[in-house]
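Some notes on the structure that comes next.
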Amino acid sequence: MKYAFIQRRREIWPIKVQCRVLGVSVSGYHAHIAREQGAAEPPRRSLSESALLVHVKAVHAQSRGSYGRPRILRQLRSDGVHVGKHRLQRVMRENCIMGKAKRRFRVTTDNNHTLPIAPNLLDRQFNVTAPDRVWVGDITYIPTDEGWVFLAVVIDLFSRQIVGWSLRDDMPRDIVIDALTMAWFKRNPGKNTGLIFHSDRGSQYASEDYRALLQEHGISASMSRRGNCWDNACSETLFGSLKVERLHDHRFSKRRHAKDETIEWMLWYNQSRLHSTLDYVSPMQFEKRWRADQLTAASP
1 MKYAFIQRRR EIWPIKVQCR VLGVSVSGYH AHIAREQGAA EPPRRSLSES
51 ALLVHVKAVH AQSRGSYGRP RILRQLRSDG VHVGKHRLQR VMRENCIMGK
101 AKRRFRVTTD NNHTLPIAPN LLDRQFNVTA PDRVWVGDIT YIPTDEGWVF
151 LAVVIDLFSR QIVGWSLRDD MPRDIVIDAL TMAWFKRNPG KNTGLIFHSD
201 RGSQYASEDY RALLQEHGIS ASMSRRGNCW DNACSETLFG SLKVERLHDH
251 RFSKRRHAKD ETIEWMLWYN QSRLHSTLDY VSPMQFEKRW RADQLTAASP
């Protein structure tokens with residue numbers, strides 16, 4: 001009954017929204033329709049302009065206006081709505097629907113110090129074959145009326161998932177220690193597994209305490225070349241997305257408001273945001289698929 005209800009109203013309400021409200025899965029809906037029609041694949045349909053616009057606006061709203069045409073197209077197809085990219089582009093253009101453009105932002109790295117610098121072990125080799133082989137870290141800042149909020153993150157380079165983070169009202173050296181500690185206990189990669197941690201040359205990452213923590217966990221330190229942001233492009237991209245998709249449209253009166261928005265975005269990013277580097281699935285979905293493939297390959 002629920003699937004029939006969804007099918008009858010598919011041109012009025014997005015399928016994904018109806019499934020969530022009715023407590024059924026999108027995949028279950030498509031499987032039911034396929035059985036009903038004797039098809040192996042979910043039915044393809046040509047929506048009216050008004051029905052397609054409803055779906056497009058729903059996906060755009062769910063991303064808080066951050067998705068442009070490529071991600072909206074991927075999400076629609078994932079939801080079972082099949083539309084050509086040229087038609088989608090026209091509908092979005094005619095209705096002034098567009099993604100948010102990235103802006104330039106300032107670098108917060110303090111590399112004017114005499115602390116030891118690690119070699120660049122990563123050397124822009126961003127294509128990693130498994131989780132917990134390479135982590136990258138970086139720091140950015142968020143303005144509020146009360147002053148700055150500083151964010152340190154740890155990203156797993158394989159899935160681009162944020163595995164550790166720390167939000168502080170100032171930027172002491174232990175902000176990066178907090179982020180790494182969170183990542184270590186969350187992921188539990190084990191000591192001396194060949195894990196590399198890559199960062200810029202900031203004093204926080206070069207400090208004696210941070211180097212001691214890396215050594216304690218058997219992690220090899222890697223650092224970018226001086227003044228070369230492309231050596232840590234993954235974190236630069238992440239911070240650019242955070243600021244464009246969630247922060248630039250806000251003026252925060254309180255630090256806690258900025259922290260709440262940032263945490264909410266990071267959770268959404270890990271769980272749901274379609275990532276172009278990952279063939280337009282979310283970081284958690286990408287890693288889940290990889291682990292399932294490993295189990296399949298290992299089974300007799």
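Counting in full-length UniProt numbering, the sequence shown runs from 1 upward without gaps.
All C-beta atoms in this analysis are idealised placements derived from N, C-alpha and C, irrespective of residue type, glycine included.
- Message: Applying the 10 Å Cβ sphere with the 16-neighbour rule, what's the burial state of T129?
- Response: Exposed, by the Cβ-count rule.
- How would you call C96, buried or exposed, if buried means at least 16 neighbouring beta carbons within 10 angstroms? So C96 counts as exposed.
- Starting from the C-beta of G194, find all residues in its chain whose C-beta is less than 8 Å away, skip the five residues before and the five after it, and write them out in chain order. For G194, where only same-chain residues beyond five positions count, the Cβ hits under 8 Å are R133 and S220.
- Query: Considering only the beta carbon of each residue, do R160 and C234 sit closer than 8 Å?
  - Reply: Taking 8 Å as the cut-off, the beta carbon of R160 is found closer than this to the beta carbon of C234.
- State yes or no: is the C-beta of V59 within less than 8 Å of the C-beta of L76? Contact: yes.
- Query: In whole angstroms, what separates the C-alpha of P43 from that of V26?
  - Reply: Unreliable positioning characterises P43 in this predicted model, as indicated by a pLDDT of 49, which lies under 50. The coordinate reading is nonetheless provided below. If I take the Cα positions, the gap works out to 13 Å.
- Query: How long is the line joining the alpha carbons of H32 and S203, rounded to whole angstroms?
  - Reply: Their backbone Cα atoms lie some 57 Å apart in a straight line.
- Task: Could you have a look at T193 and say whether DSSP puts it in helix, strand or coil?
- Result: When DSSP states are grouped into helix, strand and coil, T193 belongs to the coil group.
- Mark K191 as exposed unless 16 or more other C-beta atoms lie within 10 angstroms of its C-beta, in which case mark it buried. Exposed.
- Express the C-alpha separation of A258 and W290 in angstroms, rounding to a whole number. The straight-line gap from Cα to Cα measures roughly 34 Å.
- Determine the contact status of S222 and D200, defining contact as a CB-CB distance below 8 Å. In this structure, the beta-carbon distance from S222 to D200 does not fall below 8 Å.
- Item | Buried versus exposed, by CB contacts within 10 Å (16 or more), P143 | Exposed is the call here.
- Reducing DSSP to helix, strand and coil, say where A118 ends up. DSSP places A118 outside both helix and strand once states are collapsed to three, so it counts as coil.
- Query: At what residues does the alpha helix (DSSP H) containing I177 begin and finish?
  - Reply: Its alpha helix (DSSP H) spans residues D174 to R187.
- How is the beta strand (DSSP E) around L151 delimited, first residue to last? Residues G147 to D156.
- Item | Contacting residues, own chain, Cβ-Cβ under 6 Å from V107 (five flanking each side not counted) | At V107 the pLDDT is 49, less than 50, meaning the model places this residue with poor confidence and gives no usable figure here.
- Task: Identify the continuous alpha helix (DSSP H) that holds R71 and give its terminal residues.
- Result: From DSSP, the alpha helix (DSSP H) with R71 extends over R69 to S78.
- Please go through the segment 229-300 and give each complete alpha helix (DSSP H) segment of 4 or more residues, from N-terminal end onward. Fully enclosed alpha helix (DSSP H) runs of 4 or longer: 233-242, 255-271 and 283-298.
- Message: For A179 and G137, which I take to be in contact (beta-carbon distance under 8 Å), what is that distance rounded to the nearest angstrom?
- Response: Their Cβ separation, rounded to whole angstroms, is 7 Å, which keeps A179 and G137 in contact under 8 Å.
- Item | Cβ-Cβ separation, L242 to W268 (assumed contact under 8 Å), whole Å | With 8 Å as the limit, W268 and L242 do not qualify as a contact, their Cβ atoms being about 11 Å apart.
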